[in-house]
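A short worksheet on the structure shown next.
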Amino acid sequence: MATTQPYTNQAANNLFSAEAKRNVLIVPDKDADGLSSGAILRHTLVLLGLPKNHIHVHLLSKGNTVHSEPERELMRAYDPAYIFVIDHGSRPGPPVVASAGTISFIIDHHYATESDFPDRSEHVTACHSPPVATSSLLTYEICRPLHPGVQDRCDWLCIVGTHGDLGNTLKWEAPFPDMSQALKKYTKKVLNDVVSLVNAPRRTATYDVLSAWTALCETNDPASVLKNPRLLSARSEVNAEVERCTHAAPKFSPDGKVAVFRIRSEAQVHPVIATRWAGHLTSKALEIVLVANEGYLPGKVNFSCRIPRCARGRDPPISIIERLRYYASLRSLDGVEDNHGQSEHEQSRPLLERLGNDFARGHVQASGGIVGAEEFEELMRLMRIGEKPPKKEGAEDSPKKASKKAGIDPGQTNTLKGYFKKASATSIAS
Numbered sequence: 001m002a003t004t005q006p007y008t009n010q011a012a013n014n015l016f017s018a019e020a021k022r023n024v025l026i027v028p029d030k031d032a033d034g035l036s037s038g039a040i041l042r043h044t045l046v047l048l049g050l051p052k053n054h055i056h057v058h059l060l061s062k063g064n065t066v067h068s069e070p071e072r073e074l075m076r077a078y079d080p081a082y083i084f085v086i087d088h089g090s091r092p093g094p095p096v097v098a099s100a101g102t103i104s105f106i107i108d109h110h111y112a113t114e115s116d117f118p119d120r121s122e123h124v125t126a127c128h129s130p131p132v133a134t135s136s137l138l139t140y141e142i143c144r145p146l147h148p149g150v151q152d153r154c155d156w157l158c159i160v161g162t163h164g165d166l167g168n169t170l171k172w173e174a175p176f177p178d179m180s181q182a183l184k185k186y187t188k189k190v191l192n193d194v195v196s197l198v199n200a201p202r203r204t205a206t207y208d209v210l211s212a213w214t215a216l217c218e219t220n221d222p223a224s225v226l227k228n229p230r231l232l233s234a235r236s237e238v239n240a241e242v243e244r245c246t247h248a249a250p251k252f253s254p255d256g257k258v259a260v261f262r263i264r265s266e267a268q269v270h271p272v273i274a275t276r277w278a279g280h281l282t283s284k285a286l287e288i289v290l291v292a293n294e295g296y297l298p299g300k301v302n303f304s305c306r307i308p309r310c311a312r313g314r315d316p317p318i319s320i321i322e323r324l325r326y327y328a329s330l331r332s333l334d335g336v337e338d339n340h341g342q343s344e345h346e347q348s349r350p351l352l353e354r355l356g357n358d359f360a361r362g363h364v365q366a367s368g369g370i371v372g373a374e375e376f377e378e379l380m381r382l383m384r385i386g387e388k389p390p391k392k393e394g395a396e397d398s399p400k401k402a403s404k405k406a407g408i409d410p411g412q413t414n415t416l417k418g419y420f421k422k423a424s425a426t427s428i429a430s
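FYI, UniProt numbering numbers position 370 of the sequence shown as 370, with every residue one higher than the one before it.
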């Protein structure tokens, strides 16, 4: 788990004092981990005395990132003195907003190098400090020393966010904090059910993240979230869509390392289906399960990759990010040009250079991307998805195939039809 330089109460009060009357903008990601992180931070700011009318929350639109220009303009409109970008991953680039007076803080646990952060930003990341803490756990550990009321108000949010990313079988052992009292108070079953419900709205075609955010922020009792009609409806909608799309047939790379499922849905069900198939497919060669959704955004392919359960203990461990970048860095195969209407300049650049920053992001065990439809087809060609493995030299046909090749003696006059006619005539005569 990452260790961070603790803030003192005085430093926090100087930063978020009521007298400052400066706007703070919280930009959480859309899932249970991101939304719980944002809720923890918001509750902490209120406890520290920052007026609620100076605390703002910005939820991204479907298909956008914090680096999308429309989102940057919307965030700047809040005139924030401080922006907290939580659980969105990170990448190099210009400041989060163009305002020179805005200070940006990034709290995250997705894979990133030291150079993978926007200009003029500070960051706390857990990605290089195993066991990797989630964004909600990082936020909780940062905020807990700032006010004595944070633990009682936010411990259940920390559990919900962490279980959302690390699974509900997580053991809260050192170096993670002891959450036994909170688990006893609220029960593990209730908190895990909250995870399921809070994750549902962002997966629907309408991308109703606001309903999940509101449900988390407006209650002190997680059990009340389980009665939220909008969240219950969203979960039913997502479950039905997952069931509709999950039976797509896979295609494989010739070496059997990659299995690709292609679906078409306006709902964000591709990560769920990837996780499901990663638990079922078994092969000595298989390394990556990839589910591509061609219906989520117009002209784009959103895809999610998971390491199958059968490959998780391999040495060296598989990195999906490295494998995706490797495939995208390949040139055309076997001397076959892969032009497909590209300009000469585009043809001279590897696919990896043309895919941009929405490719191969996330975690080494769970990655994916958002790419153009043509670029995705090119990636599939570079992976050789759907091609049959080369026939081993000297391999003989199976007896079944050999008999098919041998065929039937062209001089054969007896047929099944003739046989049954004769048998019928004999039976009648007798």
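A virtual CB, placed ideally from N, CA and C, is assigned to each residue, including glycine.
N-terminal and C-terminal residue of the alpha helix (DSSP H) that Cys305 is part of | Segment Lys300 to Arg306 is the beta strand (DSSP E) holding Cys305; no alpha helix (DSSP H) there.
Whose C-beta lies closer than 8 Å to the C-beta of Leu281 among residues of the same chain, with five residues either side of it excluded?
-> Cβ neighbours of Leu281 beyond the five flanking positions: Pro250, Ala259, Val289, Pro308 and Cys310.
Limits of the beta strand (DSSP E) - the one that Gly149 falls within | In this chain, Gly149 is not harboured by any beta strand (DSSP E), its DSSP state being neither H nor E.
Hey, is the segment 181–192 in contact with the segment 206–217, meaning 3+ C-beta pairs nearer than 8 Å?
-> With the cut-off at 8 Å, the segment 181–192 and the segment 206–217 do not touch.
Are the beta-carbon atoms of Ala274 and Ser253 separated by less than 7 Å?
-> no
Cβ shell of residue 439 (< 6 Å), same chain only, five flanking positions each side left out = The requested residue 439 does not occur in the structure, where the chain is confined to residues 1 to 430.
Coil, strand or helix - Gly34 by DSSP = Gly34: helix per DSSP, three-state reduction.
Taking the alpha carbon of Val160 as the point to measure from, which residue in Tyr296, Leu197, Val124 and Ala32 has its own alpha carbon closest?
-> The candidate whose alpha carbon is nearest that of Val160 is Ala32.
Collapsed DSSP secondary structure at residue 503 in the structure displayed | Any question about residue 503 goes unanswered here, given that the chain covers just 1 to 430.
Count the other CB atoms within 10 Å of the CB of Gln181; is the residue buried (16 or more) or exposed (fewer)?
-> exposed
Check the C-beta distance from His109 over to Ala126 and give it rounded, since I have them as a contact under 8 Å.
-> The beta carbons of His109 and Ala126 sit about 4 Å from each other, so the pair counts as a contact at 8 Å.
If you draw a straight line from the alpha carbon of Asp155 to that of Met179, how long is it in whole angstroms?
-> 8 Å
Limits of the unbroken alpha helix (DSSP H) element including Thr169 = That residue, Thr169, is in no alpha helix (DSSP H); it is neither H nor E in DSSP.
Cβ shell of Ala328 (< 8 Å), same chain only, five flanking positions each side left out | Pro350, Leu351, Leu352, Leu355, Phe359, Ala360, Leu379 and Leu382
Ile408 in three-state terms, based on DSSP | The pLDDT assigned to Ile408 is 48, lower than 50, so where the model puts this residue is not dependable, and the model offers no usable value.
Hey, could you find the ends of the beta strand (DSSP E) Val27 is sitting in?
-> Val24 to Pro28
Going by C-alpha distance, which of Arg264, Pro271, Arg276 and Gly313 is nearest Ala285?
-> Ranking Arg264, Pro271, Arg276 and Gly313 by Cα distance to Ala285 puts Gly313 first.
Taking 7 Å as the cut-off, decide whether the C-beta atoms of Ala373 and Gly299 are in contact.
-> yes
Who does Ser121 pair with in a DSSP beta bridge?
-> Ser104
Three-pair Cβ contact test at 8 Å for the segment 43–53 versus the segment 145–154 = yes
For Phe359, name the three-state secondary structure that DSSP assigns.
-> strand
Cα-Cα, which of Ile142, Arg144, Pro145 and Asn199 is closest to Gly167?
-> Asn199
For Ala234, which residues of its own chain have a beta-carbon under 6 Å away from its beta-carbon, when the five flanking residues on both sides are left out?
-> The answer, listed in chain order, is Ala200, Pro201 and Thr204.
Rounded to a whole number of angstroms, what is the C-alpha to C-alpha distance between Gln244 and Val269?
-> Per the sequence presented here, residue 244 reads as Arg, with Gln not at that position. Their Cα atoms are separated by approximately 10 Å.
Other residues of its chain near Pro94: CB distance less than 8 Å, five sequence neighbours each side excluded = Contacts found: Pro118 and Asp119.
Smallest Cα separation from His363: which of Tyr111, Val85, His54 and Glu69?
-> Tyr111
Going along the chain, which residues of its own chain have a beta-carbon closer than 6 Å to the beta-carbon of Gly89, five neighbours each way excluded?
-> His110 and Arg361
Return yes when the Cβ of Ala39 is within less than 7 Å of the Cβ of Leu183, no when it is not.
-> Not in contact: Leu183 and Ala39 (Cβ atoms no closer than 7 Å).
Smallest Cα separation from Asp193: which of Pro177, Gly368, Lys171 and Asn228?
-> Asn228
Boundaries (first-last residue) of the alpha helix (DSSP H) holding His56 | First-last for His56: Ile55 to Val57, but that is the beta strand (DSSP E), not the alpha helix (DSSP H).
When you compare each of Val96, Cys143, Ala174 and Ala366 to Tyr78 by their alpha carbons, which one comes out closest?
-> Val96
Taking 7 Å as the cut-off, decide whether the C-beta atoms of Arg264 and Glu294 are in contact.
-> yes
Which residues in the same chain as residue 471 place their Cβ atom closer than 6 Å to its Cβ, once the five residues preceding and following it in sequence are excluded?
-> Nothing about residue 471 can be read from this structure; the chain reaches only from 1 to 430.
CB of Ile107 within 7 Å of CB of Leu138, strictly = yes
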